[in-house]
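Chemist:
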Amino acid sequence: MMNPDRDEAPATDGRTVRWARHREERRRSLVDATIRAIRRHGATVGMDDIAAEAGTSKTVIYRHFEDRAGLYRAVAQRVDARVVGGIAAALERSSAAGKDPRELISSTVDAYLELVESDTELYRFVVNRPIVDRPLPDDPVGELVGHVTDQLSRLLDGRLGGEPRHAPDPATTRVWAVALVGSVQAVADDWLAAPGTSSRPTRRDLVESLSELAWNGLSPILSDRRSDR
2 MMNPDRDEAP ATDGRTVRWA RHREERRRSL VDATIRAIRR HGATVGMDDI
52 AAEAGTSKTV IYRHFEDRAG LYRAVAQRVD ARVVGGIAAA LERSSAAGKD
102 PRELISSTVD AYLELVESDT ELYRFVVNRP IVDRPLPDDP VGELVGHVTD
152 QLSRLLDGRL GGEPRHAPDP ATTRVWAVAL VGSVQAVADD WLAAPGTSSR
202 PTRRDLVESL SELAWNGLSP ILSDRRSDR
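In terms of the working numbering, the sequence shown opens at residue 2 and continues consecutively.
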């Protein structure tokens, strides 16, 4: 019987494919266990807690991810896919319902803040990188922000420009998207740092405030473009 924690890959092609599939499944299960440990122990979870949740040793975890940074990246990629997928689904629903551009912006903001509210410790884990003890050559948080920015840029290109000859150029919509995503990220971090009191704004309040801020900045520009037709 195959030992799930051994490194040696079988020599034959068919077994090599099965081994690669097994290792990928094992990595997914370890990421699942890490997320459970984060939710159980909080964003400052330690590797001992993660190993206990996975029912294995830290050595085995490092064997599959090389080091703690590798495990962190895998968790960040899972969160990235969840946020990007959530925003895409929200925009698809809004577009199908024929919502106006302001409501599409609200859907984008709400999809991002939904993760912050519903899975706060997981979000903090990704942003604060508690298990990483050295600078990373890449930036999973930056990649997440970049993917969200790409989605928003496409939204602005497709829905806010009107006729092609009046549409803002891609460089302009990229600036708008970067500004909006950056403000949402900063507000989300500040929101998490605020004490949980009755004066703390709700997610709905934040979505409305951010959407109003973004739309008040965009609508005059769009109105000017439409008046030039």
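Glycine residues also receive a C-beta, built at the ideal position from the N, C-alpha and C atoms.
Quick check on DSSP: helix, strand or coil for Arg83?
Modeler: Residue 83 sits at position 82 when you count from the first residue of the sequence shown. DSSP places Arg83 in helix when its eight states are reduced to three.
Chemist: Contact between the segment 147-154 and the segment 172-192 is defined here as three or more beta-carbon pairs at a separation below 8 angstroms; is this criterion met?
Modeler: With the cut-off at 8 angstroms, the segment 147-154 and the segment 172-192 touch.
Chemist: Would you report the Cα separation of Met48 and Ala77, rounded to the nearest angstrom?
Modeler: Translated into positions along the sequence shown, residue 48 becomes position 47. Translated into positions along the sequence shown, residue 77 becomes position 76. Those two C-alpha atoms are separated by around 16 angstroms.
Chemist: Quick check for students: name the residue ranges of the alpha helix (DSSP H) that lie wholly in the segment 32-73, counting only runs of 4 or more.
Modeler: The qualifying runs are 48-55, 59-66.
Chemist: Mapping DSSP to helix, strand and coil, what is Gly99?
Modeler: Locating residue 99 in the sequence shown gives position 98, counting from the first residue. Reduced to three states, the DSSP call for Gly99 is coil.
Chemist: How big is the Cα-Cα spacing for Arg27 and Val128?
Modeler: Indexing the sequence shown from 1 puts residue 27 at position 26. Indexing the sequence shown from 1 puts residue 128 at position 127. C-alpha separation (whole angstroms): 25 angstroms.
Chemist: How long is the line joining the alpha carbons of Arg58 and Ile39, rounded to whole angstroms?
Modeler: Against the sequence shown, residue 58 aligns to sequence position 57. Against the sequence shown, residue 39 aligns to sequence position 38. The amino acid occupying residue 58 in the given sequence is Ser; Arg does not appear at that position. Using only the alpha carbons, I get a separation of about 17 angstroms.
Chemist: Classify Val182 as helix, strand or coil using the three-state DSSP reduction.
Modeler: Position 181 of the sequence shown, counted from the start, is the residue given in the question as residue 182. DSSP places Val182 in helix when its eight states are reduced to three.
Chemist: Below 8 angstroms on the Cβ atoms is my contact criterion, and I expect Arg41 with Glu54 to pass it. Report the Cβ-Cβ distance as a whole number of Å.
Modeler: Within the sequence shown, the letter at position 40 stands for residue 41. Within the sequence shown, the letter at position 53 stands for residue 54. Sure, about 7 angstroms apart at Cβ, within 8 angstroms.
Chemist: Is Val84 near Leu193, with beta carbons less than 9 angstroms apart?
Modeler: Indexing the sequence shown from 1 puts residue 84 at position 83. Indexing the sequence shown from 1 puts residue 193 at position 192. Not a contact, by the Cβ cut-off of 9 angstroms.
Chemist: If you follow the alpha helix (DSSP H) that Thr121 is part of, which residue opens it and which one closes it?
Modeler: Against the sequence shown, residue 121 aligns to sequence position 120. Residues 121-129.
Chemist: Hey, Asp81 and Glu122 are a contact pair by Cβ (cut 8 angstroms); roughly how many whole angstroms apart?
Modeler: For the purposes of this step, residue 81 is taken as the residue at position 80 of the sequence shown. For the purposes of this step, residue 122 is taken as the residue at position 121 of the sequence shown. Contact flag wrong, Cβ pair sits at about 17 angstroms.
Chemist: Under three-state DSSP, which class holds Pro202?
Modeler: Within the sequence shown, numbered from 1, the residue matching residue 202 stands at position 201. Pro202: coil per DSSP, three-state reduction.
Chemist: Tell me which same chain residues have a C-beta within less than 8 angstroms of the C-beta of Arg94, skipping the five on either side of it?
Modeler: Numbered from its first residue, the sequence shown carries residue 94 at position 93. Counting only Cβ-Cβ distances below 8 angstroms, and skipping sequence neighbours, we find Ser108.
Chemist: So is Arg74 buried or exposed if we call it buried at 16+ other beta carbons inside 10 Å?
Modeler: Counting from one through the sequence shown, the residue named residue 74 turns up at place 73. Buried, by the Cβ-count rule.
Chemist: Buried or exposed for Pro136, going by 16 or more other Cβ atoms inside 10 Å?
Modeler: Sequence index remark: in the sequence shown, residue 136 carries index 135 (1-based). The residue is exposed, with fewer than 16 neighbouring Cβ atoms inside 10 Å.
Chemist: My assumption, with CB atoms under 8 angstroms, is that Val146 sits in contact with Gln186. Please give the rounded CB distance.
Modeler: Here residue 146 corresponds to residue number 145 of the sequence shown, with the count starting at 1. Here residue 186 corresponds to residue number 185 of the sequence shown, with the count starting at 1. Val146 to Gln186, Cβ: 6 angstroms. Contact.
Chemist: Let me confirm a value: Asp140 is counted as buried when at least 16 other C-beta atoms fall within 10 Å, else exposed. Which label applies?
Modeler: Locating residue 140 in the sequence shown gives position 139, counting from the first residue. Exposed, by the Cβ-count rule.
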